[in-house]
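To keep things clear, I will list the structure first and then write my remarks on it.
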Amino acid sequence: MSESETSGTILVVDDIESIRFAIAEYLANDFRVIEASDGFEATSICENEKVDLVISDIRMPGMGGLQLIRLLTPKYPEMQFALMTAYNVDDYIEFVRNENIWNIIPKSTFLDLKYILVMARKLLGNNIFGIHHYFPEIGYEDVSLSTLHRMHRNPDETPLMPDIFYTCHVTTVEENNV
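So the sequence shown is numbered by the numbering used here: it starts at 492 and just counts up by one.
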């Protein structure tokens, strides 16, 4: 991993070992990952390690993710947080807004590891702009606005390719004169 790419330390906190392990293993190619089984263990780790992002389950025996965030935020104001829950995400919206947390990962029936990786890259990456950072397998093509319009109106003449992400830059006259 080069210096310009994503880096940082992520603490994954979950009382279910298989979930914790799956997330940690998936993120390990891009980040340094530490695991904790509850909020108490996570607190201890944060006192001894520099942690950039905490991904924590909301409900755990002992200290859950909500209490963990309330404890860590004043001590480590630069630390980023994401919460996970197998319960209804809507039940936690008010809390996360009050704590300025914008990332809740649903764990209901399918744990989307790629989503977690994209979220971690977004939160910790040096360059969060550009869809190519998140979907490197997709091709990109710059087209004019008129070409894009023609592609949509006449798909038989100029078909939209399914594996291509089309970009179109629109500028004002004032921007062109700068």
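Ideal Cβ placement from N, Cα and C applies to all residues, glycine included.
Since we're looking at a predicted model, the values are computed, not measured.
Asked                                                                                                                    : Found
Separation of T658 from A513, as counted between CA atoms                                                                : 35 Å
Beta-carbon proximity list for L670, same chain, < 6 Å, skipping 5 on both sides                                         : Here the chain comprises residues numbered 492 to 669, so residue 670 is not present and cannot be evaluated.
Cut-off 6 Å between Cβ atoms - residues of its own chain near V504, not counting five sequence neighbours on either side : A527, A533, S547
Buried/exposed call for D603, threshold 16 Cβ in 10 Å                                                                    : exposed
Nearest-angstrom Cβ-Cβ length linking G556 and G530, presumed shorter than 8 Å                                           : 7 Å
CB of G630 within 8 Å of CB of F656, strictly                                                                            : yes
Cβ-based neighbour list, T649, same chain, cut-off 6 Å, excluding 5 preceding and 5 following                            : R641, M642
Spatially closest choice to F522 from C537, I501, N645, E540, by CA coordinates                                          : I501
Cutoff 7 Å; reference M554; Cβ partners in own chain excluding five residues on either side                              : D529, G530, F531
Residues near Q558 by beta carbon distance below 8 Å, same chain, minus five either side                                 : G530
Candidates M610, P646, P552: closest to W593 by CA position                                                              : M610
C-alpha distance - N589 paired with R561, whole-angstrom precision                                                       : 11 Å
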